[in-house]
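In what follows, a structure is listed as structure tokens, so that the remarks can point back to it.
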Amino acid sequence: MTEPAAPPAPQGIPARIRERARSWRDDPDPRHDERTASLLGLALGVSFLTCALTGLYSHLVQHPPDWFQAPSQPAGLYRVTQGLHVATGIASVPLLLAKLWAVFPHLFRWPPVTGVAHALERISLVPLVGGSLFMLVSGMANIDLWYVLPFNFPPTHFWMAWVTMGALAIHIGAKVTTTRAALARTRPVELGPDPSRRRFLTAVGVGSAGLTAVTIGQTVNPLSPLALLAPRHPDRGTQGFPVNGSAAETGVTTAATDPGFRLLVDGMVTTSLSFSLDDLRALPRRDATLPIACVEGWSASRRWSGVPLRELLARAGAGPDAWVTVHSLQTDGFNRSDINAVQARDPDTLLALEADGEILSLDHGYPVRLIGPNRPGVMQTKWITRVEVH
Ligand code: HEM
Ligand code: HEM
Ligand SMILES: Nc1nc2c(c(=O)[nH]1)N[C@H]1C(S)=C(S)[C@@H](COP(=O)(O)O)O[C@H]1N2
Ligand SMILES: [Mo]
């Protein structure tokens with residue numbers, strides 16, 4: 093069976109493009125056929141869906157609507173979801189570049205549109221390709237600490253995720269039939285597997301797996317020696333783990349080392365409390381092994397020692413459903429975070445004074461920082477001076 097011949101392209105179109113414009117099915121290079129587009133499409137479908145689900149979870153945790161409260165257990169849940177988000181995002185880069193290269197000739201198909209539905213589908217390629225490139229470029233720039241983008245990363249990345257996933261849903265709807273057919277179609281056995289497609293897809297797979305191998309150690313700590321391209325190493329930094337926002341950068345050095353330091357517990361309580369550092373050190377302690385799981389995809393686990401938040405809430409007479417805002421000595425930036433009622437009552441949610449048996453260094457939050465189970469790093473506020481009860 094042969095395809096109906098495409099109408100001739102108008103004069104003035106360069107011969108090279110006219111050649112490409114003939115039905116894609118005639119393209120002799122299998123690296124540019126529907127089967128390659130489908131296989132790479134499937135891989136991208138899985139990786140983008142993983143990014144979308146883990147990203148949405150990260151958004152819910154950081155901006156909880158009324159109906160959502162992040163649990164406190166499993167303690168390492170956010171470490172896994174955000175580690176997966178960033179790792180899958182990195183693995184998608186070679187997949188996306190390969191897909192765009194594979195389908196590139198197809199963009200010059202002639203005639204460009206065959207009807208209204210087809211026109212809409214082709215227009216949706218603009219947000220699909222633009223959005224996909226944007227998600228990967230903005231995400232990579234953010235984790236590489238290359239904060240040069242002229243917009244506020246999280247909200248822009250968040251809204252572009254909806255645009256991209258919407259366009260992807262249209263694309264999948266438009267291509268599902270072609271994908272099924274292309275995957276079902278097998279080459280005659282006597283020809284054997286197609287060597288050029290196989291080589292191409294193997295190279296893409298090796299590139300994707302290789303990038304994962306040299307970055308995943310930023311969150312899978314035993315693999316940290318392999319993490320040649322990871323922007324952060326979980327075992328490097330002050331006290332042997334990374335610092336996000338040092339005391340000098342955040343301008344807290346003077347306040348954090350002031351002997352007059354106090355920690356206040358106030359708000360919806362029966363008794364407001366005020367502790368000096370010595371008072372805090374005299375309170376009942378608890379130890380917990382918990383990760384710092386940065387939104388940027390690195391994580392590091394430490395043994396923390398500190399005063400359970402719920403001990404302070406009990407002493408101040410907070411209600412059983414109270415939630416909390418902790419405030420830092422820092423006056424701007426990541427200087428506060430909310431702790432929902434479930435997390436506030438988990439015995440492992442600590443106002444930590446020590447890490448791995450050493451007094452906290454100034455960069456890690458001396459004299460006292462928050463560390464709690466299943467929280468993004470950005471919500472593990474350092475240099476706490478006030479516990480506000482709601
Ligand atoms: C981020 C994800 C994706 C991007 C950026 C993307 C991009 C593109 C582009 C630009 C084309 C060429 C234009 C066209 O044929 O209309 C194309 C073709 C194609 N895509 Fe995707 N795609 C993605 C995901 C997927 C997924 C998830 C599937 C399958 C489930 C898929 C299956 C296909 C197929 C079968 C074709 C060729 C269709 C044909 O010959 O008519 N793609 N893709
Ligand atoms: C299809 C691809 C992607 C989708 C759909 C996606 C989606 C999302 C969503 C919905 C969020 C939550 C934003 C918020 O809290 O409001 C998020 C956060 C984030 N994403 Fe992605 N993302 C993708 C790719 C990537 C890539 C490739 C990287 C980097 C390698 C990346 C890095 C990040 C980071 C660092 C955050 C945390 C932002 C913050 O809370 O400060 N993302 N993503
Ligand atoms: N006050 C304050 N707390 C903060 C930050 C900050 O910049 N200021 N950075 C947060 C982020 S993004 C992370 S990942 C963790 C990192 O903790 P560390 O520097 O002790 O590793 O601290 C969090 N707490
Ligand atoms: Mo972070």
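The opening position of the sequence shown corresponds to residue 93 in the working numbering, with each subsequent residue numbered one higher. Even glycine gets a Cβ: it sits at the ideal position worked out from N, Cα and C.
Here Arg-272 is exposed. Its C-beta has fewer than 16 other C-beta atoms within 10 Å.
In the DSSP assignment, Val-172 falls within the unbroken alpha helix (DSSP H) covering 169-195. Of the other Cβ atoms in all chains shown, 16 or more fall within 10 Å of the Cβ of Tyr-458; this residue is therefore buried. The beta-carbon distance between Pro-439 and Ser-150, rounded to whole angstroms, is 25 Å. This is too long to meet the 8 Å contact definition. When rounded, the separation of the alpha-carbon atoms in Thr-256 and Asp-121 is 29 Å. For His-419, the enclosing beta strand (DSSP E) begins and ends at 416-420. Pairing Leu-225 with Val-470, the inter-Cα distance amounts to about 26 Å.
Taking 8 Å as the cut-off, the Cβ atoms of Arg-395 and Asp-379 count as close. Taking one beta carbon from each stretch, the region 404-416 and the region 428-438 have 3 or more pairs nearer than 8 Å; the two touch. At a Cβ-Cβ threshold of 8 Å, Ser-393 and Pro-383 count as neighbours. Every residue whose beta carbon comes nearer than 6 Å to a heavy atom of ligand 4 appears here in chain order: Asn-336, Cys-386, Val-387, Glu-388, Gly-469, Val-470. Relative to the non-hydrogen atoms of ligand 3, the Cβ of Asn-244 never comes closer than 7 Å to any of them. Bounds of any alpha helix (DSSP H) do not take in Trp-475, whose DSSP letter is neither H nor E. Beta-carbon to beta-carbon, Ile-264 and Ser-216 are separated by about 11 Å, too far to satisfy the 8 Å threshold. DSSP places Phe-243 in the coil class of the three-state scheme, outside both helix and strand. Inclusion of Arg-328 and His-419 in the CB contact set at 8 Å is not warranted, their separation being larger than that value. Within 7 Å of the C-beta of Phe-333 there is at least one heavy atom belonging to ligand 3.
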